[in-house]
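Participant: Input: one structure, supplied below.
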Amino acid sequence: MAPHKKKIEAYLDCVSPYSFLAFSYLSQRRQALEDLNVEIEFIPVFLGGIMASSGNKPPMALAAKSAYSPYDIKRAQKYFGLRFKVPDFFPFLSLLPQRCLTLVKEAYTEQYDALHKACFQALWLDHKDLSKQENMLAVLETVFGTEQATKILKDSQGPDVKKKLNDVTKHTAETLGAYGCPWFWVHDGKGKAEPFFGSDRFHYMWDFLDLPHQDLELVPAPALGKL
Numbered sequence: 053m054a055p056h057k058k059k060i061e062a063y064l065d066c067v068s069p070y071s072f073l074a075f076s077y078l079s080q081r082r083q084a085l086e087d088l089n090v091e092i093e094f095i096p097v098f099l100g101g102i103m104a105s106s107g108n109k110p111p112m113a114l115a116a117k118s119a120y121s122p123y124d125i126k127r128a129q130k131y132f133g134l135r136f137k138v139p140d141f142f143p144f145l146s147l148l149p150q151r152c153l154t155l156v157k158e159a160y161t162e163q164y165d166a167l168h169k170a171c172f173q174a175l176w177l178d179h180k181d182l183s184k185q186e187n188m189l190a191v192l193e194t195v196f197g198t199e200q201a202t203k204i205l206k207d208s209q210g211p212d213v214k215k216k217l218n219d220v221t222k223h224t225a226e227t228l229g230a231y232g233c234p235w236f237w238v239h240d241g242k243g244k245a246e247p248f249f250g251s252d253r254f255h256y257m258w259d260f261l262d263l264p265h266q267d268l269e270l271v272p273a274p275a276l277g278k279l
């Protein structure tokens with residue numbers, strides 16, 4: 053990255069519905085952000101590793117979080133205009149898709165965003181368990197040919213890819229302070245960088261990046277006519 057460039061590093065795991073919301077939101081605004089000289093980088097991590105490193109627990113592991121979560125995800129879906137149901141197999145081990153994404157990000161840069169989108173949609177819209185190799189292969193085939201998809205699936209299980217995902221996950225948790233996904237590390241273009249967490253902090257992010265935007269405001273009630 054060039055010195056003092058505005059940049060959003062988005063650390064995502066497809067097992068996280070809020071990562072899906074954040075990915076969709078930023079993807080839709082990528083061109084607008086690029087026009088404002090802000091770069092976006094989507095980076096695959098393993099949420100299970102981040103949770104273990106930070107000591108955080110997923111909503112289903114804590115009664116209070118579990119009770120609140122259905123309200124929050126419905127509100128978030130309405131706000132972002134992206135409707136989906138939690139699949140019956142959730143949560144699932146996301147190592148396979150995250151390793152495939154790690155490999156594709158490095159070796160097939162031009163197809164990376166398309167695969168990222170395909171993984172999120174397959175999981176959250178089509179309810180395909182991407183921990184199963186046959187489902188992951190089918191997703192890869194929507195972006196690559198069958199022969200190339202098969203090779204990517206095989207190569208994603210190699211030691212170099214496993215180490216890369218582990219190293220990035222460790223860096224995100226131990227250096228950037230992540231305790232969940234989506235996690236963002238944002239550079240303001242003036243030599244300063246700060247963390248942001250969750251899919252509902254973009255207005256804070258725009259302030260930090262000094263971008264023109266409309267903040268959340270109440271619309272004043274209309275004045276009542278006099279009798």
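The sequence shown begins at 53 in the numbering used here and counts up by one. C-beta: ideal position from N, C-alpha, C; glycine also.
#1: For Asp240, report the span of its beta strand (DSSP E) as first-last.
#2: What are the boundary residues of the alpha helix (DSSP H) that includes Phe98?
#3: Going by C-alpha distance, which of Phe142, Lys126, Asp65 and Glu269 is nearest Lys169?
#4: Go through its chain and collect everything with a Cβ distance to Trp176's Cβ below 7 Å, but skip five positions before and after it.
#5: Could you give the first and the last residue of the continuous beta strand (DSSP E) run that contains Glu45?
#6: Tell me where the alpha helix (DSSP H) around Ala159 begins and ends.
#7: With Glu246 as the anchor, note down where its beta strand (DSSP E) starts and where it stops.
#8: Which residues does DSSP list as the beta-bridge partners of Val90?
#9: When you compare the CB positions of Ile105 and Glu246, do they come within less than 8 Å of one another, or not?
#10: Hey, how far is the Cα of Gly250 from the Cα of Thr202?
#11: Compare the C-alpha of Lys180 against each of Ile60, Lys57, Val67 and Lys59 and name the closest.
#12: For Ala174, count the other beta carbons within 10 Å of its own beta carbon; 16 or more makes it buried, fewer makes it exposed. Which is it?
#13: Using beta-carbon positions only, say whether Phe144 and Ser183 come within less than 8 Å of one another.
#14: My guess is that Leu217 and Phe98 are in contact by the Cβ rule of under 8 Å, so how many angstroms apart are they, rounded?
#15: How big is the Cα-Cα spacing for Lys126 and Asp252?
Facilitator: Let me spell this out:
#1: Where Asp240 is concerned, the enclosing beta strand (DSSP E) stretches over Trp235 to Asp240.
#2: Segment: none, Phe98 is in no alpha helix (DSSP H) and carries neither H nor E.
#3: The shortest Cα separation from Lys169 among Phe142, Lys126, Asp65 and Glu269 belongs to Asp65.
#4: Here the set comprises Pro69, Phe72 and Phe136.
#5: Outside the shown range of the chain (53 to 279) lies residue 45, about which nothing can therefore be said.
#6: For Ala159, the uninterrupted alpha helix (DSSP H) segment begins and ends at Leu147 to Ala159.
#7: Looking at the DSSP string, the run of the beta strand (DSSP E) that includes Glu246 is Ala245 to Phe249.
#8: Here Val90 is bridged, per DSSP, to Lys58.
#9: Strictly speaking, residue 105 in this sequence is Ser, with Ile absent from that position. If you check the CB distance, Ser105 and Glu246 do not come in under 8 Å.
#10: About 34 Å.
#11: Put simply, of Ile60, Lys57, Val67 and Lys59 the residue whose alpha carbon is nearest the alpha carbon of Lys180 is Val67.
#12: Under the 10 Å beta carbon count, Ala174 is surrounded by 16 or more other beta carbons and is classified as buried.
#13: Yes. Within cutoff.
#14: With a beta-carbon spacing of about 6 Å, Leu217 and Phe98 fall inside the 8 Å limit used to define contacts.
#15: If you take the alpha carbons of Lys126 and Asp252, they lie about 13 Å apart.
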